[in-house]
Amino acid sequence: MRVVFMGFQTWGHRVLQALLKSRHEVVWVITHPESDHMYESIWDDSVAGLATEHRIPLLVRKYANDDQVVERMRELAPDIIVSSDWRTWLSPQVYGLARHGAINIHDALLPRYGGFAPLNWAVLNGEPEVGVTVHFMNDEFDLGDIVVQQRVPVREKDNVTDLFHRTVEIFPKITLSALDLIEEGTTPWIKQDPNEATFFHKRSLEDSRINWSWPADRLANLVRAQSDPYPNAFAYHDTKQLRVTSASVSRKRYGGTPGRIFCPDGEGIVVVCGPEAHTGREHGLVIERVRTVDGTELPARAYFRTMGAT
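If you're matching positions, the sequence shown starts at 90 in my numbering and goes up one per residue.
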């Protein structure tokens with residue numbers, strides 16, 4: 090099929106690679122400008138560089154709903170538009186010019202976790218599985234019919250970086266499988282239930298800040314959801330920002346004021362936390378490893394010398 094590809098970052102790069110090695114013909118590539126946003130400069134393999142290397146006509150745009158794009162689509166008459174990590178809404182007047190419309194590859198089990206940073210949010214929420222969905226694009230964000238979906242179990246100690254690597258490896262194969270199904274035209278697509286849909290905004294630095302009123306299991310999930318190279322979960326100690334790179338839930342229950350350093354626990358230290366911390370019925374967060382503002386990483390016991398502070 091004649092394909093117009095729209096994508097960005099490593100997710101887009103992997104899909105474009107697969108398309109270029111396939112029997113399909115990539116006739117145009119559209120990508121976003123380089124970004125210094127903290128989440129858009131992490132997995133940043135260049136779609137533009139790959140297109141240039143293969144001498145594919147390239148357009149760099151934040152949005153792709155303008156008259157220039159519409160006119161070029163009419164000229165190219167693509168069979169399908171393939172999108173991977175295209176980060177802005179695409180108008181029906183654009184994807185309607187492709188014979189089969191447009192598909193998008195999204196690293197979540199839609200209809201849940203539409204929008205941005207789905208893996209980070211899923212780990213934070215303690216989901217038992219994540220996955221990859223190929224769906225048609227329509228005029229509602231991430232709500233088009235599902236072509237194919239693959240599930241990935243979340244293991245007990247998985248962090249978001251582990252899940253990134255396991256899901257991004259699925260992108261090339263699932264894209265080509267979806268194109269085969271669309272060409273065959275014999276598979277009934279799965280309608281998404283809007284009532285089951287959830288949508289998430291982009292994560293910012295403040296979203297990684299530890300809130301000591303949260304229960305310990307949710308805080309441990311936050312640490313896992315912000316593993317390197319993502320901006321780590323952080324708190325303040327002696328007015329200085331301190332990143333938490335490893336944490337777990339205490340075996341015992343601890344009471345008092347949320348955020349109070351309670352006692353040593355192995356190589357870590359226990360911090361009181363939870364919405365009912367004053368009752369003594371909450372588990373504490375065991376901070377195991379920390380990273381200081383100068384980038385030094387060390388066991389929590391080596392950093393915290395006194396107990397009882399906040």
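Heads up, the beta-carbon is just placed ideally off N, CA and C, and yes, glycines get one too.
Owing to the predicted nature of the structure, the values given are computational and were not obtained by experimental measurement.
CA nearest to the CA of residue i, picked from the options
i	options	result
valine 219	Arg349, Phe225, Leu208, Met226	Leu208
phenylalanine 205	Asn227, Ser173, His189, Asp234	Ser173
isoleucine 194	Ser339, Phe230, Cys352, Ala166	Phe230
arginine 400	Thr177, Asn300, Arg340, Asp282	This structure cannot settle anything about residue 400, because the visible part of the chain is limited to 90 through 399.
glycine 185	Val159, Ser339, Ile235	Val159
asparagine 321	Gly348, Arg292, Gly345, Ser339	Arg292
leucine 331	Ile376, His126, Phe288	Ile376
threonine 395	Cys352, Ala166, Gly373	Cys352
asparagine 214	Val243, Val116, Ser130, Gly190	Val243
glycine 285	Met90, Tyr128, Leu198, Ile350	Looking at the sequence itself, residue 285 is glutamate, so the reference to glycine does not match. Among Met90, Tyr128, Leu198, Ile350, the Cα nearest to that of glutamate 285 belongs to Leu198.
valine 241	Glu216, Asp234, Asn227	Glu216
glutamine 238	Glu123, Asp228, Lys280	Lys280
aspartate 354	Arg390, Val212, Lys246, Thr368	Arg390
glutamate 371	Lys341, Asp125, Gly348, Arg163	Lys341
glycine 138	Leu268, Gln106, Ser339	Gln106
C-beta contact flag for residue i and residue j at 8 Å
i	j	result
phenylalanine 97	valine 149	no
arginine 378	proline 388	yes
valine 67	aspartate 196	Because the chain here runs from 90 to 399, residue 67 falls outside it and cannot be looked at.
leucine 147	valine 118	yes
histidine 403	leucine 109	The structure shown has nothing for residue 403, since the chain only spans 90 to 399.
valine 171	isoleucine 145	no
isoleucine 271	valine 236	yes
phenylalanine 253	tryptophan 132	yes
glutamine 250	aspartate 296	Note that residue 250 corresponds to threonine in the displayed sequence, not to glutamine. No, the pair does not count as a contact, with Cβ atoms beyond the cut-off.
alanine 366	threonine 346	yes
phenylalanine 289	tryptophan 210	yes
valine 104	leucine 165	no
glycine 384	tyrosine 343	no
asparagine 154	valine 212	no
histidine 102	aspartate 125	no
Which of helix, strand or coil DSSP assigns to residue i
i	result
serine 339	strand
arginine 91	strand
valine 118	strand
phenylalanine 351	strand
serine 266	helix
asparagine 284	helix
glycine 190	coil
valine 361	coil
lysine 110	helix
leucine 331	strand
tyrosine 392	helix
tyrosine 325	strand
arginine 378	strand
histidine 290	coil
glutamate 295	helix
histidine 126	coil
proline 181	helix
glycine 204	strand
Would the stretch 259-266 and the stretch 218-238 be scored as touching if the rule is three or more Cβ pairs under 8 Å?
Yes: the two stretches touch, three or more of their Cβ pairs being nearer than 8 Å.
Using 8 Å as the cut-off, can you tell me whether the stretch 302-312 makes contact with the stretch 323-340, which would need three or more C-beta pairs spanning the two stretches below that distance?
Touching, per the Cβ criterion.
Under 8 Å, with one C-beta from each stretch per pair, do the stretch 296-307 and the stretch 349-366 reach the 3-pair mark?
Enough Cβ pairs lie closer than 8 Å, so yes.
Report the residue ranges of all alpha helix (DSSP H) runs contained in full by the stretch 136-175; include only those spanning at least 4 residues, in chain order.
Here the runs fully enclosed are 136-142, 156-165.
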